[in-house]
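As structure tokens, the structure follows; a few thoughts come after it.
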Amino acid sequence: MSGATNIHATALRLAGRGLLLRGPSGSGKSALALAVLRRAEAAGLEAALVADDQVLVAREGDRLGARAPEAITGLIEIRGIGILPERHVTHTLLDLVVELVPREAVERMPDAARRVEIAGIGLRAVRLAERDPSFGADILLTLAASHAFWQAGKPG
């Protein structure tokens, strides 16, 4: 991934889709990632960490690829515990940006086609309440299985 940009985020692969979790430090990106990974495992869904805290992103044609910097590949920080190894993949193409925001900033009925631009690529985006990993994980697993959600967010 030449020309990659290092961004403050966490990336996952869930049920064949790449997710980029963004939010300020302490918003619960790593906690949400762990909750998603454990719930997916229990549900028999494919899920793996791509990168925690730092994600290298780069254009790959009309998509955005993500990977971890070499020094932190396969590692996740658990606040109050430390840095631990986690099941991971080395790369994913991103499909969804999850923005962790204060609860009052989460819209009740958001625009289904909401997008954010990263490195010149428009990506589908949703907002979830920060510091609520259990509820956030349940939402993301529900979305992973929802054909209607992915169809509704197609550009054009």
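Note that full-length UniProt numbering gives residue 142 to position 142 of the sequence shown, counting from 1, and the numbers run on in steps of one. For glycine and all other residues, C-beta sits at the position ideal for the given N, C-alpha and C.
Each residue's CA atom was taken as its position, placing residue 112 and residue 66 some 24 Å apart. In the structure shown, the three-state DSSP call for residue 89 is coil. When secondary structure is reduced to three states using DSSP, residue 106 falls in the coil class, being assigned neither helix nor strand. Counting every other CB atom within 10 Å of its CB across the protein chains shown gives residue 88 a total of 16 or more, marking it as buried. The Cβ atoms of residue 28 and residue 138 do not sit closer than 8 Å to each other.
Going by C-alpha positions, residue 20 is about 10 Å away from residue 123.
Burial state of residue 92 is buried, judged by a 10 Å Cβ sphere holding 16 or more other Cβ atoms.
Per DSSP, the beta-bridge partners of residue 8 are 54. Beta-carbon to beta-carbon, residue 58 and residue 5 are separated by about 7 Å, close enough to satisfy the 8 Å threshold.
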